[in-house]
């Protein structure tokens, strides 16, 4: 039975991981919403800090994602984490555009907590899957993923400035914050397509000689 490494498949997974890293980095882009929360809802800096702190504290509990990965693998963990991440940003967008009429510090903290609960799941499922696919280059894989985790905030800020920021930059209330929240949620939702590629992540080698297996 012949076992060969499918380099094309591994490279596709690596590129999917890069785009996943851009979606995961949205967890660190909460500061984009701070002006909107301050101007539209009248929240103080203490209230905004409370919302962001809840998300940080929830993300610190991300160790559960590693436990789930050992039991269910990336095929389940990646869509589950993406669902929570997408849901959090959709709830932000629905509140910003008035679809959800009730708004409070507790609700925004809940939205941030939901987002911060799901994105670490995506991070674990992505990084661990790639480490299984690149057993001899694990360090480079982690370096690439974490680099794009950090650079992703700059990319998302460029998206916001280019597509959702009002022409009158002095009036922050005219910015399309709800559209940006929906956009990020949709970006995370598109990452679900990587779950299909991750379905065989626990198999480092691909069987390519069917005749040998039959014998």
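Numbering (full-length UniProt numbering), first residue to last: 1 to 215.
Positions of the beta carbon are idealized from the N, C-alpha and C atoms, including for glycine.
Please read these numbers as outputs of a predicted model, since none were measured by experiment.
Would a check of beta-carbon distances place residue i closer than 8 angstroms to chain B?
i, result
"residue 97", "The question asks about chain B, but that chain is absent: this structure has only one protein chain."
Throw me the rounded Cβ distance for the residue i and residue j pair, which I believe falls under 8 angstroms.
i, j, result
"residue 191", "residue 73", "The Cβ separation is near 16 angstroms, so there is no contact."
"residue 55", "residue 115", "7 angstroms"
"residue 182", "residue 160", "Not really, about 12 angstroms apart at Cβ, beyond 8 angstroms."
"residue 118", "residue 83", "7 angstroms"
Taking Cβ positions, are residue i and residue j nearer each other than 8 angstroms?
i, j, result
"residue 124", "residue 145", "no"
"residue 28", "residue 37", "no"
"residue 59", "residue 30", "no"
"residue 85", "residue 112", "no"
"residue 133", "residue 13", "yes"
"residue 166", "residue 175", "yes"
Alpha carbon to alpha carbon, how far is residue i from residue j?
i, j, result
"residue 121", "residue 81", "5 angstroms"
"residue 158", "residue 47", "26 angstroms"
"residue 164", "residue 18", "23 angstroms"
"residue 185", "residue 70", "27 angstroms"
"residue 8", "residue 34", "42 angstroms"
"residue 49", "residue 149", "22 angstroms"
"residue 25", "residue 162", "18 angstroms"
"residue 20", "residue 40", "31 angstroms"
"residue 147", "residue 62", "20 angstroms"
"residue 130", "residue 156", "24 angstroms"
"residue 103", "residue 32", "18 angstroms"
"residue 75", "residue 173", "40 angstroms"
"residue 99", "residue 154", "29 angstroms"
"residue 189", "residue 77", "14 angstroms"
"residue 143", "residue 57", "25 angstroms"
"residue 10", "residue 97", "41 angstroms"
"residue 299", "residue 79", "Within the shown structure, residues of the chain are numbered from 1 to 215, placing residue 299 beyond reach of any answer."
"residue 177", "residue 187", "15 angstroms"
Does the Cβ of residue i lie closer than 7 angstroms to at least one heavy atom of the ligand SAM?
i, result
"residue 8", "Although the ligand SAM was asked about, the structure shown includes no ligands whatsoever."
>> Does the segment 55-70 come into contact with the segment 92-108, if we say contact requires no fewer than three beta-carbon pairs (one atom in each stretch) closer than 8 angstroms?
In response: no
> Three or more C-beta pairs closer than 8 angstroms, one from the segment 98-114 and one from the segment 139-152: is that the case here?
Replying inline: no
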